[in-house]
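Visitor: Starting off with a structure, shown below.
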Amino acid sequence: MQPQEESFMKKYYTDEAWAKRTLIRKQTSAQTLEEYQKRWKQIFLEVEAGLDLDPASEAAQLLARRWVLLAEVVSEGDSEIKAGAINAWKDHQNWPLAEQDALFARWGLDSSNDRNASMKRVERVAKFIGQAIGRKYYGSLNSIRLALVEKSPDEGRSKRWVELFSDAESALAEDPASERAQGLVSRWTELMREAETGPGRNVGRLGDFREILQNQRSTYTPVAVVNQVARLYRVEQVSQFLERALALSKDRRDSA
């Protein structure tokens, strides 16, 4: 990113968000940045190929989840950085040509022949992702509201759920059969057993990771919607990882 672009884009962010964004970029290796670029190009093309999908469909939601989770990694999940990016996108038609070219390059587009066509491609993909995020948000709104008002009577156990979520999310690259993953499954199983036998508890497929949602108030602003959906996708990702690990644990016990 060129200094001129840096100066132009800064106006969309708070001073604190811009400082954090700059620090993240400085601390990210060139190899990692290149990997992000490859992943953005790949997901862009896959979403573009799926624009005829129903945004609420499983296939569309899988694409949206990959998109959102990649954005979470790149921004380190920082709400202020994401807010700045959303502000910038709202004004993308007024960006200088150099900044628009940088946007096209991110998705692997060549704007040298037809800039308008490239921008329309980006806008169609962005609109689709927005629709998929919206469907996820509104489809889950009731459960989010429940999570915001329903607190566990056992604060110690709630803390253990949050700690388990954090540990499991950091282990997503592990083999579900690994010792680390199986240790997480043991903790998950124990907490699920406690929750199921506790008074008035109703534990769903995602376990009791509802604490992860409780710090985000329900609101309809674009940033809040993105944050809520990112949390939901992260919870689903962790839960699916633990469920795979649990299935392997059961297979081992059955074959012993």
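Heads up: the sequence shown at position 153 corresponds to 221 in this note's numbering, and the numbers run straight through without jumps.
By construction, the Cβ of each residue, glycine as well, lies at the ideal position given by its N, Cα and C atoms.
1. Beta carbon of Leu121, beta carbon of Ala128: below 7 angstroms?
2. Given 8 angstroms as the limit, is there contact between the region 244-260 and the region 306-318, that is, 3 or more CB pairs closer than that?
3. Is there contact here, the region 143-153 with the region 78-93, by at least three beta-carbon pairs under 8 angstroms?
4. Quick one: is the Cβ of Trp163 within less than 6 angstroms of any heavy atom of the ligand COA?
5. Does DSSP put Tyr81 in a helix, in a strand, or in coil?
6. Count the other CB atoms within 10 Å of the CB of Gln296; is the residue buried (16 or more) or exposed (fewer)?
7. What residue range does the alpha helix (DSSP H) around Asn155 cover?
8. With distance defined between alpha-carbon atoms, name the residue in Gln161, Ala245, Phe112 and Gly251 nearest to Leu232.
9. Beta-carbon within less than 7 angstroms of Leu119's beta-carbon, same chain only, minus the 5 sequence neighbours each way: which residues are those?
10. Pick out whichever of Ser147, Asp182, Trp135 and Ala185 has its Cα sitting closest to the Cα of Ile201.
11. From this set, Asp243, Val294, Arg174 and Ala292, which residue's C-alpha is nearest Leu314's C-alpha?
12. So, are the CB atoms of Lys109 and Gly176 less than 7 angstroms apart?
13. On a CA-only basis, which of Arg299, Gln99 and Ala87 is nearest Gly145? Give me that one, please.
14. Report the three-state DSSP secondary structure of Ser75 (helix, strand or coil).
15. Hey, quick one: how far does the alpha helix (DSSP H) through Thr96 stretch, first residue to last?
16. Figure out for me which residue from Ala245, Asp169, Glu103 and Val115 has the closest Cα to the Cα of Ala194.
17. How long is the line joining the alpha carbons of Tyr104 and Ala292, rounded to whole angstroms?
18. My assumption, with CB atoms under 8 angstroms, is that Leu240 sits in contact with Gln161. Please give the rounded CB distance.
19. In terms of residue numbering, what span does the alpha helix (DSSP H) encompassing Asp178 cover?
Guide: Reading it off the structure:
1. Going by C-beta atoms, Leu121 is nearer than 7 angstroms to Ala128.
2. At 8 angstroms Cβ cutoff, the stretches touch.
3. Touching, per the Cβ criterion.
4. As presented, the structure is devoid of all ligands, the ligand COA included, so that no description of it is given.
5. Coil at Tyr81, not helix or strand.
6. By the 10 Å Cβ count, Gln296 comes out buried.
7. Counted as a single uninterrupted DSSP element, the alpha helix (DSSP H) harbouring Asn155 occupies residues Ser147 to Lys158.
8. Taking the Cα of Leu232 as reference, the smallest distance to any Cα among Gln161, Ala245, Phe112 and Gly251 is reached at Gly251.
9. The residues are Arg192 and Phe196.
10. Of Ser147, Asp182, Trp135 and Ala185, the smallest CA-CA separation from Ile201 is found for Trp135.
11. For the residues Asp243, Val294, Arg174 and Ala292, the minimum Cα distance to Leu314 belongs to Asp243.
12. Against a cut-off of 7 angstroms, the Cβ pair of Gly176 and Lys109 comes out as a contact.
13. Of the candidates Arg299, Gln99 and Ala87, the one whose C-alpha sits nearest the C-alpha of Gly145 is Arg299.
14. The three-state secondary structure of Ser75, taken from DSSP, is helix.
15. In the DSSP annotation of this structure, Thr96 is not part of any alpha helix (DSSP H), being labelled neither H nor E.
16. Of Ala245, Asp169, Glu103 and Val115, the residue nearest in Cα terms is Val115.
17. Just so you know, the alpha carbons of Tyr104 and Ala292 end up roughly 24 angstroms apart.
18. About 37 angstroms; that fails the 8 angstroms criterion.
19. Here Asp178 belongs to no alpha helix (DSSP H), and DSSP marks it neither H nor E.
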